[in-house]
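These notes concern the structure reproduced below.
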Amino acid sequence: MFLLVQKHDPDCNLNITQLIQSKGYPWEEHKVTTADGYILGVFRVPHGRNASSLGRPVLLQHGLLDSATSWVINFPEQSLGFILADAGYDVWLGNMRGNHYSHAHVKYNPDHDEAFWDFNWDDMARDDLPSMIYYILNQTKQTQIGYVGHSQGTMIGFAEFGNLNNSAQNNVSFYGSLAPVAHLAHIKSPLKYLFNTSTNPEEVWHTLCGYKDFLPSSYIIK
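Residues in the sequence shown are numbered from 201 upward in steps of one, following our numbering.
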């Protein structure tokens, strides 16, 4: 006989600021408006638990279908956001347009206006990333910033910093790429094959992945 015991994780229903605070770190919430009107939620951990002075700024950028929460979701010694803060860095956690913390626009309502969702990762590289970088530099009065990207966060970094016509690359002191992505030719995700087996692939897509909002907090995802 087996007894199934379900344990409740106290962190599972916390938002990012509650997660940061629960681990004993200071935090700030900032709003960054891009040139095309998207309002991005950016969070800051200015220093570690045992310090008060500000160090060099570093921006951490999440991957596809993710948010800044991924940098602070584990224990302090397992979360890069906390590790860098304790190492003396001024840590900034970015969020791309359309995710949970960047669900706003100066003109469009994401729940009613399809135009809000008319964007791609190129817009993130061209508008979101430099907007966050320049905002952080202005707030910290620094001339350079460190950048660490994960997955999609690396792809937009390659696109933005690799363009010699963009000035943002001159403001980046180092670039760390975690699980870097440059092209998708060899993708092995089951999603690549799922829709070939369905008689109504559009319905499958909307059920699993959402309509307009990709992978929203629906009952399927939960």
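Glycine is no exception: its CB is placed at the ideal position from the N, C-alpha and C atoms. Just so you know, these numbers come straight off a predicted model, no measurement behind them.
Across which residues does DSSP place residue i in a beta bridge pair?
i	result
Phe-374	Gly-346
Tyr-238	His-305
Glu-229	Phe-243
Gln-261	Gly-294, Gly-349
Is the Cβ-Cβ distance between residue i and residue j less than 8 Å?
i	j	result
Ile-239	Ala-304	yes
Tyr-301	Gly-241	yes
Thr-340	Asp-286	no
Ile-336	Leu-254	no
Gly-298	Trp-317	yes
Trp-292	Ser-279	no
Gly-237	Lys-307	yes
Report the option in the options whose CA atom is closest to the CA atom of residue i.
i	options	result
Val-232	Pro-330, Trp-321, Gly-357	Pro-330
Ile-220	Ala-235, Thr-269, His-230	Thr-269
Arg-326	Tyr-225, Gly-224, Thr-234	Thr-234
Ala-251	Gly-288, Asp-236, Ser-279	Gly-288
Pro-210	Phe-275, Glu-229, His-230	Phe-275
Leu-284	Ser-267, Gly-376, Met-296	Gly-376
Asp-322	His-312, Ala-382, Pro-257, Ser-267	Ala-382
Which same chain residues end up closer than 8 Å to residue i when comparing Cβ atoms and leaving out the 5 residues on each side of it in sequence?
i	result
Ala-379	Gly-263, His-350, Ser-351, Thr-354
Asn-371	Ile-333, Tyr-334, Leu-337, Thr-343, Gln-344, Ile-345
Glu-360	Ala-325, Arg-326, Leu-329, Pro-330, Asn-366, Ala-368, Gln-369
Leu-214	Ser-222
For residue i, I'd like the list of residues in its chain whose CB is within less than 6 Å of its CB, leaving aside the five on either flank, ordered along the chain.
i	result
Gly-224	Arg-249
Gln-261	Gly-294, Gly-349, Gly-353
Met-201	Reliability fails at Met-201, whose pLDDT of 49 lies under 50, so the model's placement of it is uncertain and the value that follows must be treated cautiously. Around Met-201: no qualifying Cβ.
His-230	Val-242
Between which residues of its own chain and residue i is the CB-CB distance below 7 Å, once the five residues before and five after are set aside?
i	result
Trp-227	Thr-217, Ile-220, Gln-221, Phe-243, Arg-244, Val-245
Ser-373	Gln-344, Ile-345, Gly-346
Practice task
Can you check the segment 273-304 for any beta strand (DSSP E) of at least 3 residues that lies completely inside it and give the ranges in chain order?
Solution key: 290-294
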